[in-house]
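In my numbering, the protein residues as written are 383 to 632.
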């Protein structure tokens, strides 16, 4: 019964929204009822436009997430292992985070064109920092006693990396990846807002320009669903990794 409470709450909220939108004096193009949004969703699916634009955004999100996560993990490991490298690069990395991604996006679109590459780079940039920080924290949480044990067993650096540092840092890294999974969607859409002729961000711009508010809601709902699915997949991977670690320790 408890599991049904969120669904009941959503149903009540939708009914209230429908009533307010239909019987208030608010213009429908400002606050369309859920039924109108549902009709627009059905039309967008029927003509194939929603699937087409969703696949474009999803491809940008996945590529940006992969690029940002891999580059952040590699650099984060280097910063965690080398204090010299950390002191040299940390000020620039922190300073770069003070620049809003919305301010950088137009430059990337100008430099790399309005195609998918600029959106992938914007998405990667917004993913980069949380994964970087979590990688550094994950590597540095490995107890020094475990390093001593590995060295006493004459383990090579490659063995220490593979058998100690990677398993120890992975749960923390996945925590950053969960954040990055949702941020990657924001990055791709920001890029599409700035300059694109396809994608869900472009669809929002079209709906805004035509005062097609139901279309805007359809695109936003699709983006939310995409972010939730990506977050859920990373969370599922995290649970499997933690379960594996418990079995290994046991």
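Note that CB positions come from ideal geometry on N, CA and C, so glycine has one too.
Below 6 Å CB to CB, which residues in the same chain sit around residue i once its five sequence neighbours on both sides are set aside?
i           : result
residue 575 : 583
residue 566 : 443, 446, 447, 505 and 509
Need the endpoints of the alpha helix (DSSP H) that residue i sits in, please.
i           : result
residue 422 : 416–428
residue 530 : 526–534
residue 479 : No alpha helix (DSSP H) contains residue 479, which DSSP labels as neither H nor E.
residue 553 : 548–576
residue 437 : 431–463
residue 409 : Run containing residue 409: none; DSSP gives neither H nor E here.
Residue i and residue j look like a contact to me (Cβ under 8 Å); what is the Cβ gap, rounded to whole Å?
i           : j           : result
residue 604 : residue 558 : Not really, about 25 Å apart at Cβ, beyond 8 Å.
residue 440 : residue 618 : Between residue 618 and residue 440 the Cβ distance is about 18 Å, and since that is not below 8 Å, they are no contact.
residue 520 : residue 555 : 5 Å
residue 422 : residue 600 : 5 Å
residue 467 : residue 458 : Between residue 458 and residue 467 the Cβ distance is about 11 Å, and since that is not below 8 Å, they are no contact.
residue 507 : residue 494 : Incorrect: roughly 12 Å between the Cβ atoms, too far for contact.
residue 581 : residue 438 : 4 Å
Between the Cα of residue i and those of the options, spot the shortest distance and give me the residue it belongs to.
i           : options               : result
residue 513 : 446, 454 and 396      : 454
residue 594 : 471, 419, 494 and 400 : 419
residue 501 : 444, 393, 464 and 550 : 444
residue 450 : 560, 589, 495 and 410 : 560
residue 511 : 531, 539 and 563      : 563
residue 452 : 579, 586, 552 and 585 : 552
residue 606 : 405, 402, 436 and 397 : 436
residue 415 : 425, 408 and 404      : 404
For residue i, which residues from the same chain have a beta carbon less than 7 Å from its beta carbon, with the 5 sequence-adjacent residues on both sides left out?
i           : result
residue 632 : Note that residue 632 scores a pLDDT of 46, beneath 50, so its modelled location is shaky and nothing firm can be said.
residue 484 : 572
Would you check whether the ligand MG has a heavy atom nearer than 7 Å to the C-beta of residue i?
i           : result
residue 410 : Because no ligand of any kind appears in the structure shown, any question about the ligand MG cannot be addressed here.
Can you list, in chain order, the residues of its chain with a C-beta nearer than 8 Å to that of residue i? Leave out the 5 residues immediately preceding and following it.
i           : result
residue 427 : 433
residue 388 : none
residue 550 : 520, 521, 523, 524 and 528
residue 615 : 563
residue 476 : none
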